[in-house]
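S.K.: Dropping a structure here in structure tokens format, bear with me for questions.
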DNA sequence: ACCTGAACACCGTTCAAGT
DNA sequence: ACCTGAACACCGTTCAAGT
């Protein structure tokens, strides 16, 4: 006779994500997660092999959430018609997501994440909503190369911002807009040149 | 009568840095550090307030090491005469440093670092060796803004590379060179325009 | 001033037993 | 199948005592 489930994988992942954001990656214990979902600590291990495995699932949930934000920021048709505007909007949405989930964002780029095939797929799919914009901006053959200029800038900027690396003052919002514009207009010149 | 010191702060920091690189941020214990320097675990706490404080010191040592690499990659006079070449060389040195110290590099941008005044100073000084290049490239008034385009790209690129974010194949070395060139030549157009 | 052994509280994880 | 209490090994940290 099975014991009645008191919680679910999804509820545990949500509770962990909330604790992560509130307390930081090592600011909470399995016991606190268990408390949050009304269960005793060992029960978590019948659903997740380890704390690390649970954090991996949280990370995938965050990548999926980022994907949704990017989709909401610009539709494919807008990206095709006005790639500069569309990609700028997605860039701002990307930064907003990182600033709204700083501890989660750090987890998403933590090199300790286990490299499962499913994980790689979810991570890879997260930036897919931007691809039509790159294709429209520089053409199909250069879209990947263009993505590998803009996305490192986006990640690097927000990562540095979150780790307080911009200490020389000056408007950080303005610096972000300047950088975004500079890179996008630079990519625009790729249309013709090799 | 003082007990003879068996080790030193510097030796402990070096041993911790080695363990960090070999085993990852939470792959080693205070006991292993103590073993490595020939001391018992509690002795470490008479020198460093906590594991976190010791990791902070390791982080500062890494920033200082990065600074030395950047200084070695291009002299101020070369940066002034040939800013494109000089900054490219520093960009490559930056990436090489990150790839040679992947776990250390992750620590340098870990948002958990304590924000001491000394720490901020050391971190801030690390990229100073690049400044003459930015001044030569775009002029004094735009140097900071230019740095806030290139350095996020550098950090973002190597951070994504280290967390295996470039899964769509294609030469990653070539992508780095392409991005570096695109951004530097884009910045070059700032010389005249506002 | 720096070292040590002993102790403490906490934590991730396992396991046998319950339903 | 999922839950639980009890137990285990390990870890960061404290402390009183040694020199």
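Protein chains in written order, with my numbering: chain W, 1 to 194; chain F, 1001 to 1194.
The beta carbon of each residue, even a glycine, is placed where N, CA and C say it ideally should be.
1) Counting C-beta neighbours from all protein chains within 10 Å, is the total for residue 1143 (chain F) 16 or more, i.e. buried, or is it exposed?
2) Return the residue from the list F:1191, F:1172, F:1095, F:1113 that minimises the CA-CA distance to residue 1141 (chain F).
3) State yes or no: is the C-beta of residue 45 (chain W) within less than 8 Å of the C-beta of residue 57 (chain W)?
4) On the DSSP letters alone, give me the boundaries of the alpha helix (DSSP H) that residue 16 (chain W) sits inside.
5) Roughly how many whole angstroms lie between the Cα atoms of residue 174 (chain W) and residue 1051 (chain F)?
6) Report the rounded CA-to-CA distance for residue 131 (chain W) versus residue 4 (chain W), giving the unit in angstroms.
7) Which chain W residues are close to residue 1178 (chain F), counting only those with a beta carbon under 8 Å from its beta carbon?
8) What span of residues does the alpha helix (DSSP H) with residue 225 (chain W) cover, start to end?
9) Beta-carbon of residue 1106 (chain F) versus every beta-carbon of chain W: anything under 8 Å?
10) Using the Cβ count rule (16 or more neighbours within 10 Å means buried), how would you classify residue 67 (chain W)?
11) Should the segment 1009-1019 of chain F be called in touch with the segment 1034-1041 of chain F, which here means at least 3 C-beta pairs below 8 Å?
12) Taking only the alpha-carbon atoms, compute the straight-line gap between residue 99 (chain W) and residue 114 (chain W) and give it to the nearest angstrom.
13) Reducing DSSP to helix, strand and coil, say where residue 101 (chain W) ends up.
14) How is the alpha helix (DSSP H) around residue 118 (chain W) delimited, first residue to last?
15) Less than 8 Å between the beta carbons of residue 152 (chain W) and residue 70 (chain W), yes or no?
16) For residue 94 (chain W) and residue 154 (chain W), I'd like the C-alpha separation in whole angstroms.
17) Given that residue 33 (chain W) touches chain F, what residues does it touch there, using C-beta distances under 8 Å?
18) With a 10 Å radius around its C-beta and 16 neighbouring C-beta atoms as the bar for buried, classify residue 1118 (chain F) as buried or exposed.
19) Determine, using beta carbons only, whether residue 111 (chain W) comes closer than 8 Å to chain F.
20) Relative to chain W, which residues along the segment 1153-1185 of chain F have a C-beta separation below 8 Å, given in chain order?
M.R.: Looking at the coordinates:
1) buried
2) F:1191
3) no
4) 9-23
5) 37 Å
6) 45 Å
7) 145, 148, 149
8) Residue 225 (chain W) cannot be examined here, being either before or after the span of chain W that is shown, 1 to 194.
9) yes
10) buried
11) yes
12) 24 Å
13) coil
14) 117-126
15) no
16) 7 Å
17) Under the 8 Å cutoff, chain F gives no residues; its nearest Cβ is about 18 Å from residue 33 (chain W).
18) exposed
19) yes
20) 1153, 1154, 1155, 1156, 1157, 1159, 1160, 1162, 1163, 1164, 1165, 1166, 1167, 1168, 1170, 1175, 1178, 1179, 1182, 1183, 1185
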